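So the sequence shown is residues 1 to 96, counted in UniProt numbering. To keep things clear, I will list the structure first and then write my remarks on it.
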Amino acid sequence: MEPIAQLPAMQRPAAITPPPQDPLRKAAQELEATFLTEMLKSAGLGESRETMGGGAGEDQFSSFLVRAQAEQITKAGGVGLAESLYHALKEAQDND
């Protein structure tokens, strides 16, 4: 069995660095995630269950789970709130 030869550095693909995110878009996405967090909490997501619940630990960390789920929903396209907010903020910024 022969060892696999390593690729020279010149043949390796360059690391792709994403462009810096627009601060307005980031703020709009954070606001949408916060909104979704509150909506998910109101829907009962993250509430402890009576049967076989996780106890105090579950109660303490369930808000982190709800927030992480809201952030993932926003990253996946969300409900459109972030895009609407972004366009409104961008228009207000351009008018100044």
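Glycine included, C-beta positions come from ideal geometry on N, C-alpha and C. Owing to the predicted nature of the structure, the values given are computational and were not obtained by experimental measurement.
- Contact between T37 and V66 holds: CB atoms are separated by about 6 Å, below the 8 Å threshold.
- Listed in chain order, the non-local C-beta contacts of S62 below 6 Å within the same chain comprise G46, local neighbours out to five positions each way being set aside.
- Around I73, the same chain offers L36 as residues with beta carbons nearer than 6 Å, after the five sequence neighbours per side are excluded.
- Residues of the same chain with a CB within less than 6 Å of the CB of G78, apart from the 5 flanking positions on each side, are E32 in chain order.
- The beta carbon of A28 sits closer than 6 Å to those of A82, L85 and Y86, all from its chain and outside the five residues before and after it, given in chain order.
- Comparing alpha carbon positions, the residue from S48, P20 and L24 closest to A92 is L24.
- Annotation for A82: the continuous alpha helix (DSSP H) segment containing it runs L81 to N95.
- Note on geometry: alpha-carbon atoms of L89 and K26 lie some 11 Å from one another.
- Here A76 is exposed: its Cβ has fewer than 16 other Cβ atoms, across all protein chains shown, within 10 Å.
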